[in-house]
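Quick notes on the structure that follows.
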Amino acid sequence: MSALVTGARLDHVHLCVADRAASVQWYARVLDLHPLGPGAEDLADDHPLFLAPASAPADHCLSLFTGPSAQGADRNVAFRVDASALLAFLDRLPDPEVMAQTGGLLSPDNVNDYGLAMTLDFLDPDGNELELVCYDAGAVRAGLGR
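Note that the sequence shown covers residues 23 to 168 in this note's numbering.
What follows is the structure, given as structure tokens:
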């Protein structure tokens with residue numbers, strides 16, 4: 023029997039945002055995630071607005087609801103990326119609208135080296151914790167000159 027749940031089968035994660043229209047613009051600009059389906063941006067606030075990568079619209083991964091963001095410890099959403107995507111993202115930093123989880127503007131200095139993986143932790147405009155994870159740590163280290 024194959025596994026019921028695998029990483030490749032994760033469908034989406036719900037996030038609450040105060041201003042959904044502003045969040046849609048932020049996610050499009052920062053992570054290249056766009057509303058899925060015609061008229062998606064006109065949905066009522068009590069309906070989820072799904073976001074997906076422009077290159078793979080069937081792979082929706084976030085669902086935005088209007089409301090207060092989650093509170094409490096360790097509530098991040100991690101996106102797996104390859105080394106070239108992470109390095110390209112780092113080349114666009116600093117960005118005045120992307121804050122590090124530790125405070126201040128996100129920069130390449132915020133990359134965490136966990137041996138097996140390289141990660142980058144940051145916040146969306148509502149304080150939702152986001153993470154980029156790359157398991158090709160050697161390629162990221164080389165790209166950063168570490």
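Backbone N, C-alpha and C define an ideal beta-carbon position, used for all residues, glycine too.
Residue j beta carbon less than 9 Å from that of residue i
i	j	result
ASP54	PRO75	yes
VAL155	VAL103	yes
PRO57	LEU73	yes
LEU127	VAL133	no
ARG114	ASP135	no
ASP68	THR88	yes
Presumed contact (8 Å Cβ cut-off) between residue i and residue j, rounded CB distance
i	j	result
ALA159	ALA139	6 Å
SER45	LEU86	6 Å
CYS38	ALA100	No, CYS38 and ALA100 are not in contact; Cβ-Cβ is about 18 Å, not under 8 Å.
GLU153	ASP146	About 12 Å; that fails the 8 Å criterion.
VAL162	LEU108	6 Å
LEU84	TYR49	7 Å
Paired residues, beta bridge with residue i - DSSP
i	result
ARG102	VAL155
THR141	ASN134, VAL155
LEU86	LEU37, LEU71
ALA122	PHE144
LEU127	MET121
Closer than 8 Å: residue i CB and nearest the ligand NAP heavy atom
i	result
SER106	Of ligands this structure carries none, so the ligand NAP is not represented either.
Where the beta strand (DSSP E) through residue i begins and ends
i	result
VAL39	35-39
Cβ-based neighbour list, residue i, same chain, cut-off 6 Å, excluding 5 preceding and 5 following
i	result
LEU112	PRO130
THR141	ASN134, GLU153, VAL155
THR124	none
TYR157	ALA139
Neighbourhood of residue i by C-beta distance below 7 Å, restricted to the same chain and skipping five residues each side
i	result
ARG97	GLU151
ASP81	ALA74, PRO75
Residue i: first and last residue of the uninterrupted alpha helix (DSSP H) it sits in
i	result
LEU55	Note, LEU55: premise wrong, no alpha helix (DSSP H); beta strand (DSSP E) at 55-57.
Residues near residue i in its chain [Cβ-Cβ closer than 8 Å; skip 5 each side]
i	result
LEU166	LEU109, LEU112, PRO130, VAL133
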